[in-house]
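>
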Ligand SMILES: [Zn+2]
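In the working numbering, the protein residues as written are 60 to 399.
1) Could you name each continuous alpha helix (DSSP H) segment of 4 residues or more that falls completely within the segment 202-284, going from the start of the chain to the end?
2) Should residue 273 and residue 130 be called a contact, given that it needs their Cβ atoms to be closer than 8 angstroms?
3) With three or more C-beta pairs closer than 8 angstroms as the rule, is the segment 169-188 touching the segment 133-153?
4) Taking three-plus beta-carbon pairs below 8 angstroms as touching, is the segment 107-119 in contact with the segment 166-180?
5) Return the bridge partner residues of residue 156 from the DSSP annotation.
6) Determine the direct distance from the alpha carbon of residue 334 to that of residue 352, and round the result to whole angstroms.
7) According to DSSP, residue 375 sits in a beta bridge with which residue or residues?
8) Determine, using beta carbons only, whether residue 132 and residue 307 come nearer to each other than 8 angstroms.
9) Applying the criterion that 16 or more other CB atoms from any shown protein chain within 10 Å of the CB defines a buried residue, is residue 260 buried or exposed?
10) Helix, strand or coil for residue 164, going by three-state DSSP, please let me know.
11) When we look at the beta-carbon of residue 336 and count the other beta-carbons within 10 Å, is it buried (16 or more) or exposed?
12) So, using beta-carbon positions, are residue 176 and residue 206 closer together than 8 angstroms?
13) With DSSP run on the structure shown, which of helix, strand or coil describes residue 121?
14) Determine the direct distance from the alpha carbon of residue 368 to that of residue 228, and round the result to whole angstroms.
15) Is it buried or exposed, residue 182, if we count other Cβ atoms within 10 angstroms and call 16 or more buried?
16) Over what stretch of residues does the alpha helix (DSSP H) that includes residue 93 continue unbroken?
17) Quick check on residue 320: buried or exposed, where buried means 16 or more other Cβ atoms within 10 Å of its Cβ?
18) Quick test of the definition: if touching needs 3 or more C-beta pairs under 8 angstroms, does the segment 87-100 touch the segment 145-156?
19) Look at the Cβ atom of residue 193, then the Cβ atom of residue 173, and state whether they are nearer than 8 angstroms.
20) Compute every distance between the C-beta of residue 305 and the non-hydrogen atoms of ligand 1, then say whether any falls below 7 angstroms.
21) Identify, in the order they occur along the chain, each residue of the same chain with its Cβ nearer than 6 angstroms to the Cβ of residue 343, setting aside the five sequence neighbours on each side.
22) Taking the alpha helix (DSSP H) that residue 302 falls in, what are its first and last residues?
23) What number of angstroms, rounded off, separates the C-alpha of residue 200 from the C-alpha of residue 345?
24) Looking only at C-alpha atoms, which of 125, 269 and 233 sits nearest to residue 297?
25) Quick check: residue 236 and residue 269, are their CB atoms within less than 8 angstroms of each other?
26) Residues in the same chain with beta-carbon distance under 6 angstroms from residue 62, minus the five sequence neighbours each way, listed in chain order, please.
27) Please list the terminal residues of the continuous alpha helix (DSSP H) segment that includes residue 401.
28) Could you tell me if residue 77 is buried or exposed, where buried requires 16 or more neighbouring beta carbons within 10 angstroms of its beta carbon?
29) Looking at the structure shown, is residue 292 part of a helix, part of a strand, or coil, going by DSSP?
30) Just the C-alpha distance for residue 379 and residue 303, rounded to the nearest angstrom, thanks.
31) When the Cα atoms are used, what is the spatial distance from residue 157 to residue 350?
32) Go to residue 106, then tell me how far its beta strand (DSSP E) extends in each direction, as first and last residue.
33) Can you tell me whether DSSP reads residue 193 as helix, strand or coil?
34) Closer than 7 angstroms to a non-hydrogen atom of ligand 1 - does that hold for the CB of residue 309?
35) Can the beta-carbon of residue 81 be found less than 8 angstroms from the beta-carbon of residue 331?
And the structure:
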């Protein structure tokens, strides 16, 4: 079967090789798989996380609210991707992927994380206590510290330092959908009730919307409400939820889609259009393709499937191929079922 498939692909002119709407981090080739959340999701029923907010920063955000955003974002990368698959009517085809995305997953915040090996952390926060816990993913909210590490004011994911666990450094968290006390975005206060009735309704239910998503088991309407609500906090830059969700995409193993250079493997020439490219976008079909290929890659599984972004584009073991006609695509997919 495999040989027939390979010959068919060879017949296709090079111009039909299309752009993948996703890409994987090149670090996957260099790092132990367990440093990536995609691997943790395959192997474990719990993802642990740690939210670190130094005392000096606690006036701006609080651990409980950031923790809620992190849990919501993790649900969107798992349960939320499953909803996209159901919505596309492809549950049967993606049964094995759904089993992973929908399994009972505990999201466990660790109250005390080991920060002793984080570069210069003790210099910035000498009062920080040394603890022994290490989370699968650590979030540090500190504009001065993140700016120091990256050399500019931004938020980023870091997996390259072997001394530290993978972590997400958050510098820009001015606008958070779940505020410390006030649930409304700044613009709400500045301009009053200039929102539509639906938007006002969503804004007054922001906290409960995020709480619902954080628990998992939500429906499509609740998922839409989440992203519509979040967008209301993005009038002047990305919301904290968008930033956390984007950076978590890296933690699973996905790469940025806005950079010009494309990885040679597990990506193609043109970028996707979803959250990994543009922080104003929700998780999209690009990220669905990305997550399926990541899970297959970490599981060592081969699969041919039609892209969730374009039914004429097939993804073959992580590489995207555009096929001449639907019929040809159908023929190939019938010959090569996804392998167990
Ligand atoms: Zn990024």
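Don't be surprised by glycine CBs; every beta carbon is placed ideally from N, CA and C.
Model, not experiment: these values are computed from the prediction.
A quick look at the data gives this:
1) You should have 202-209, 245-250, 256-263 and 265-274.
2) By 1-based counting over the chain shown, the position of residue 273 is 214. By 1-based counting over the chain shown, the position of residue 130 is 71. Residue 130 is positioned such that its CB atom lies closer than 8 angstroms to that of residue 273.
3) No, because fewer than three Cβ pairs between the segment 133-153 and the segment 169-188 fall closer than 8 angstroms, the two stretches do not touch.
4) The segment 107-119 is in contact with the segment 166-180.
5) Your numbering for residue 156 matches position 97 in the chain shown. When beta bridges are read from the DSSP output, residue 156 appears opposite no residue.
6) By one-based count along the chain shown, residue 352 stands at place 293. By one-based count along the chain shown, residue 334 stands at place 275. Taking the straight line joining both Cα atoms gives about 17 angstroms.
7) Start at 1 with the first residue of the chain shown, and residue 375 comes out as number 316. Per DSSP, 363 and 378.
8) Here residue 132 is taken as the residue at index 73 of the chain shown, counted from 1. Here residue 307 is taken as the residue at index 248 of the chain shown, counted from 1. Cβ distance < 8 angstroms, so residue 132 and residue 307 count as in contact.
9) Stepping through the chain shown from its first residue, residue 260 is reached at position 201. Exposed is the label assigned to residue 260, since fewer than 16 other Cβ atoms lie within 10 Å of its Cβ.
10) In the chain shown, the residue the question calls residue 164 occupies position 105. Correct three-state label for residue 164: coil.
11) One-based indexing of the chain shown puts residue 336 at position 277. Label assigned to residue 336: buried.
12) If you number the chain shown from 1, residue 176 lands on position 117. If you number the chain shown from 1, residue 206 lands on position 147. If you check the CB distance, residue 176 and residue 206 do not come in under 8 angstroms.
13) For the purposes of this step, residue 121 is identified with residue 62 of the chain shown, where counting begins at 1. Looking at residue 121 - three-state DSSP - the assignment turns out to be coil, as it is neither helix nor strand.
14) Position 169 of the chain shown, counted from the first residue, corresponds to residue 228. Position 309 of the chain shown, counted from the first residue, corresponds to residue 368. Straight-line Cα distance between these residues: approximately 31 angstroms.
15) The count along the chain shown starts at 1 and reaches residue 182 at position 123. Exposed, by the Cβ-count rule.
16) Here the question's residue 93 lines up with position 34 in the chain shown. Premise fails: residue 93 is in no alpha helix (DSSP H) and is neither H nor E.
17) Start at 1 with the first residue of the chain shown, and residue 320 comes out as number 261. By the 16-neighbour rule on beta-carbons within 10 angstroms, residue 320 is exposed.
18) Of all C-beta pairs linking the segment 87-100 to the segment 145-156, fewer than three are shorter than 8 angstroms, placing the two stretches out of contact.
19) As a position in the chain shown, residue 193 is number 134, starting the count at 1. As a position in the chain shown, residue 173 is number 114, starting the count at 1. Cβ atoms of residue 193 and residue 173: closer than 8 angstroms.
20) Here residue 305 refers to the residue found at position 246 of the chain shown. The nearest non-hydrogen atom of ligand 1 is less than 7 angstroms from the C-beta of residue 305.
21) Here residue 343 is taken as the residue at index 284 of the chain shown, counted from 1. So the qualifying residues of the chain are 333.
22) In the chain shown, the residue the question calls residue 302 occupies position 243. Annotation for residue 302: the continuous alpha helix (DSSP H) segment containing it runs 299-311.
23) Your numbering for residue 200 matches position 141 in the chain shown. Your numbering for residue 345 matches position 286 in the chain shown. Approximately 28 angstroms between the Cα atoms of the pair.
24) Position 238 of the chain shown, counted from the start, is the residue given in the question as residue 297. Ranked by Cα distance from residue 297, the first of 125, 269 and 233 is 233.
25) Stepping through the chain shown from its first residue, residue 236 is reached at position 177. Stepping through the chain shown from its first residue, residue 269 is reached at position 210. Using a Cβ distance threshold of 8 angstroms, residue 236 and residue 269 count as a contacting pair.
26) On the chain shown, residue 62 is found 3 positions in, with the first residue counted as 1. Caution is warranted here: a pLDDT of 31 is assigned to residue 62, below 50, making its placement in the model unreliable, and the coordinate value is therefore given only provisionally. Counting only Cβ-Cβ distances below 6 angstroms, and skipping sequence neighbours, we find nothing.
27) The requested residue 401 is not part of the displayed model; the chain covers only 60 to 399.
28) Reading the chain shown from its first residue, position 18 is the one you call residue 77. Only weak support exists for where residue 77 lies, its pLDDT of 37 falling under 50; the value from the coordinates is given anyway. Taking a 10 Å sphere around the C-beta of residue 77, we find 16 or more other C-beta atoms and assign the residue as buried.
29) As a working note, residue 292 is residue 233 in the chain shown. Coil, per DSSP.
30) Walking along the chain shown from the start, residue 379 turns up at place 320. Walking along the chain shown from the start, residue 303 turns up at place 244. Approximately 28 angstroms between the Cα atoms of the pair.
31) Counting from one through the chain shown, the residue named residue 157 turns up at place 98. Counting from one through the chain shown, the residue named residue 350 turns up at place 291. Annotation: residue 157 to residue 350 spans about 11 angstroms, alpha carbon to alpha carbon.
32) Mapped onto the chain shown, residue 106 falls at position 47. From DSSP, the beta strand (DSSP E) with residue 106 extends over 105-111.
33) Against the chain shown, residue 193 aligns to sequence position 134. Three-state DSSP puts residue 193 in coil, outside helix and strand.
34) The count along the chain shown starts at 1 and reaches residue 309 at position 250. A distance criterion of 7 angstroms places the beta-carbon of residue 309 in contact range of ligand 1, judged by its closest non-hydrogen atom.
35) Walking along the chain shown from the start, residue 81 turns up at place 22. Walking along the chain shown from the start, residue 331 turns up at place 272. With a cutoff of 8 angstroms on beta-carbon distance, residue 81 and residue 331 are scored as near each other.
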